[in-house]
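Engineer:
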Amino acid sequence: MPPNRLPFGETERRKEVMGMITYANVQEVLKFQGGGFPVTSLYLLTDRKEVTLDQMVTQAHSLLNAHARELLSRSLPHAHRESVVTDFRKIREYVEQLPEASFKGLAIFACSGKNFWQVYRLPQRVKNALIVDSDPYIRPLVAILNQYHRLAFLLVDRRRAQLFELFMGEIQEQTELISPDVPAKVRFAGWYGLEEKRVVRHIEQHIHEHFKRVAETLYQLYKTRQYDYFILSAQPHILPEFEKHLHTEIINRVIARLDVEPFSLDINQVKEKALRIEREFMEERLARQVEELVTAAKKDHRAVVGLRETLKAANLKAIRTLYIVEDKKIRGRQCSHCGYLTLEAPKCPICQHSTRPVADFFDELVEATLHMNGEYFTVPAHNPLSEYEGVGAWLRFKI
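Under our numbering, the residues of the sequence shown are numbered 290 to 688, in order.
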């Protein structure tokens with residue numbers, strides 16, 4: 290049956306994610322099985338600050354044409370070859386019809402033989418790449434996703450509060466927590482200042498109730514919206530007073546404290562500050578984690594660095610958190626039967642089945658880690674991990 294015709298009762302698995310990508314999206318791609326049919330993965334730079342629409346289409350055509358020539362030299366069953374040819378045609382048509390848009394990158398996963406088509410518009414630039422392999426090429430997608438967290442940015446004073454939510458480079462005002470019943474400054478009159486003291490106590494009580502309401506609302510939103518981190522902003526003499534009302538779980542997730550009052554910034558200024566804080570926080574955290582990883586690996590404390598040791602851990606399903614230096618790519622092999630990973634062995638040492646070549650061996654390491662509910666992070670090129678073949682991992686257990 291031609292790959293573009295569906296078997297009776299089968300529907301095409303099409304999806305185009307226009308907004309924020311999520312881990313659920315990645316898991317959906319990760320779980321896809323081609324059943325022998327090759328999967329085509331395209332990553333394309335679409336940032337209009339970098340490329341024009343014509344340049345973007347030309348670059349996509351160049352990738353497709355180069356791989357079409359390579360496809361002719363590969364020994365594939367007719368149905369598998371036709372599936373890839375159809376993938377290329379559909380990708381070409383899609384890119385040619387792309388409108389002017391604000392997204393910076395594009396990821397397409399296609400397997401026409403299994404009626405699979407997924408498109409993700411990305412918030413970050415990607416390097417142009419086209420991979421035809423037995424499963425989707427997900428490493429760039431996961432790397433982008435792991436650079437972003439769901440942030441809550443709260444600005445508060447003694448009368449007002451304002452909350453913004455940020456994720457994947459996008460911002461929206463989630464809620465405004467206003468306590469209009471906090472009295473403003475008043476003129477005092479009364480016998481020997483007794484009235485003044487009573488009014489001051491009244492104001493302080495309202496401020497206390499305001500802080501308490503804001504803190505309770507923030508905690509409820511934290512539980513429902515699942516914020517990863519918080520940015521708090523208030524005048525220095527107010528913030529410690531307010532933080533006394535916050536739940537410990539929130540305090541432990543605060544990554545920055547600013548001196549900015551509610552409604553003093555527009556939404557773009559809030560976004561700019563939050564993204565800078567998130568980027569700096571992630572850079573510092575990754576640098577610290579890599580240093581700790583290298584130190585722990587030297588002491589044999591449930592950590593490994595270097596390709597051979599990390600590969601061994603992956604085959605033992607021992608990886609908890611995987612780190613790979615950006616742009617690292619090598620070829621390797623994987624058992625078609627049990628999934629065993631090897632750098633060069635033509636036959637699997639576990640089940641004796643033949644191994645198949647894989648274009649990006651590190652992508653297979655990422656997939657193996659994610660399948661075991663592990664984590665994966667891309668780290669910059671200039672860091673201690675570069676001295677250990679650009680790869681390392683924290684382990685679930687000692688090997």
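By construction, the Cβ of each residue, glycine as well, lies at the ideal position given by its N, Cα and C atoms.
#1: How is the beta strand (DSSP E) around I420 delimited, first residue to last?
#2: Apply the 10 Å Cβ neighbour rule to F686 and answer buried if 16 or more other Cβ atoms are within range, or exposed otherwise.
#3: Give me whichever residues DSSP pairs with G454 in a beta bridge.
#4: Fully enclosed by the region 498-542, which beta strand (DSSP E) runs are 3 residues long or longer?
#5: Does the distance from the C-beta atom of Q413 to that of K393 stay below 9 Å?
#6: Could you pull out every residue in the same chain whose Cβ sits closer than 7 Å to the Cβ of T559, ignoring the five residues on either side in sequence?
#7: Give me, in chain order, the residues of the same chain whose beta-carbon lies closer than 7 Å to that of V246; leave out the 5 immediate sequence neighbours on both sides.
#8: Can you name the residues that DSSP bridges to I397?
#9: Taking only three categories from DSSP, how would you classify Q386?
#10: Find the nearest neighbour of R381 within the set D422, T329, K416, L654, judged by alpha-carbon distance.
#11: Quick check on this structure: which residue in Q509, R514, L434, Y629 has the alpha carbon closest to the alpha carbon of K601?
#12: Could you give the distance in angstroms between the alpha-carbon of V543 and the alpha-carbon of R577?
#13: In this structure, does DSSP put K687 in helix, strand or coil?
#14: Which runs of the beta strand (DSSP E) spanning at least 3 residues fall entirely within the region 600-650, listed in chain order?
#15: Checking the sheet assignment: what are the DSSP bridge partners for L547?
#16: With the cut-off set at 9 Å, would you say R609 and S423 are in Cβ contact?
#17: Taking the alpha carbon of H536 as the reference point, which residue from N557, D343, A504, E371 has its own alpha carbon closest?
#18: Could you tell me whether any Cβ in chain B is nearer than 9 Å to the Cβ of R449?
#19: According to DSSP, which residues form a beta bridge with T667?
#20: Give me the Cα-Cα distance between V445 and F650, rounded to the nearest whole angstrom.
#21: Thinking just about the alpha-carbon of each residue, which of Q524, R447, G458, P551 is nearest to the one in R502?
#22: How big is the Cα-Cα spacing for L387 and V594?
#23: Taking the DSSP output, what are the residues bridged to A592?
#24: By how many angstroms is the C-alpha of G663 removed from the C-alpha of G323?
#25: So what does DSSP say about M571, is it helix, strand or coil?
#26: Among S522, V549, D555, Q515, which has the Cα closest to the Cα of E538?
#27: Whose CA, out of T375, L575, L434, lies closest to the CA of S316?
#28: Is it true that the CB of E656 sits closer than 9 Å to the CB of L333?
#29: Suppose you measure from the CA of E389 to the CA of Q524; what does that come to, to the nearest Å?
#30: Rounded to whole angstroms, what's the CA-CA distance from Y346 to A418? Just pull it up for me.
#31: Report yes if the C-beta distance between A592 and L507 is below 9 Å; otherwise report no.
#32: Around the C-beta of S364, are 16 or more other C-beta atoms found within 10 angstroms, so that it is buried, or is it exposed?
#33: For a test of the three-state rule: what should DSSP assign to L554, helix, strand or coil?
#34: Once DSSP output is grouped into helix, strand and coil, what is the label at D376?
#35: Report the three-state DSSP secondary structure of E580 (helix, strand or coil).
#36: Measuring only the C-alpha atoms, how far is Y437 from G679?
Structural biologist: On the basis of the coordinates in this document:
#1: Run containing I420: 418-422, per the beta strand (DSSP E) assignment.
#2: By the beta-carbon neighbour count (other beta carbons within 10 angstroms, threshold 16), F686 is exposed.
#3: For the sequence presented, residue 454 should be read as Glu rather than Gly. Note: E454 sits in a beta bridge opposite A441, Q461.
#4: You should have 518-522.
#5: With respect to the 9 Å criterion, Q413 and K393 are classified as neighbours on the basis of their beta carbons.
#6: The amino acid at residue 559 is misidentified as Thr; the sequence shows Val. Hits under 7 Å: F442, F453, I460.
#7: Lying outside 290 to 688, the shown extent of the chain, residue 246 is not represented and no answer is given.
#8: Answer by DSSP bridge pairing, in chain order: L331, V408.
#9: Q386 carries a coil assignment under DSSP once its states are collapsed to helix, strand and coil.
#10: Selected option, being the one with the closest Cα: T329.
#11: Minimum Cα distance to K601 is reached at Y629.
#12: Distance from the CA of V543 to the CA of R577, rounded to the nearest whole angstrom, comes to 18 Å.
#13: In this structure, K687 counts as coil in the three-state DSSP scheme.
#14: For the region 600-650, whole beta strand (DSSP E) runs of length 3 or above, ordered along the chain, are 608-614, 621-624, 644-647.
#15: Per DSSP, S522.
#16: No, these two residues do not count as a Cβ contact at 9 Å.
#17: Selected option, being the one with the closest Cα: A504.
#18: The chain labelled as chain B is not found in the depicted structure, where only one protein chain is given.
#19: Paired residue(s): I613.
#20: V445 and F650: Cα-Cα distance of roughly 49 Å.
#21: Taking only the C-alpha atoms, the option nearest R502 is R447.
#22: L387 and V594 have their alpha carbons spaced roughly 42 Å apart.
#23: Residue pairing of A592 in beta bridges, as defined by DSSP: W683.
#24: Distance between the alpha carbons of G323 and G663 is about 23 Å.
#25: Note: M571 maps to helix in three-state DSSP.
#26: For E538, the closest C-alpha among the options S522, V549, D555, Q515 is that of Q515.
#27: For the record, residue 316 in the displayed sequence is Gln; it is not Ser. The shortest Cα separation from Q316 among T375, L575, L434 belongs to L434.
#28: Taking 9 Å as the cut-off, the Cβ atoms of L333 and E656 do not count as close.
#29: Straight across, the Cα-Cα distance linking E389 with Q524 is about 42 Å.
#30: A small fix is needed here, since residue 346 is Val in this sequence, not Tyr. Each residue's CA atom was taken as its position, placing V346 and A418 some 13 Å apart.
#31: Not in contact: A592 and L507 (Cβ atoms no closer than 9 Å).
#32: For S364, the number of other beta carbons within 10 angstroms of its own is below 16, and it is reported as exposed.
#33: Taken through DSSP and simplified to helix, strand or coil, L554 comes out as coil.
#34: Three-state result, D376: helix.
#35: Under the three-state reduction of DSSP, E580 is assigned to helix.
#36: Spanning the two alpha carbons is a distance of roughly 22 Å.
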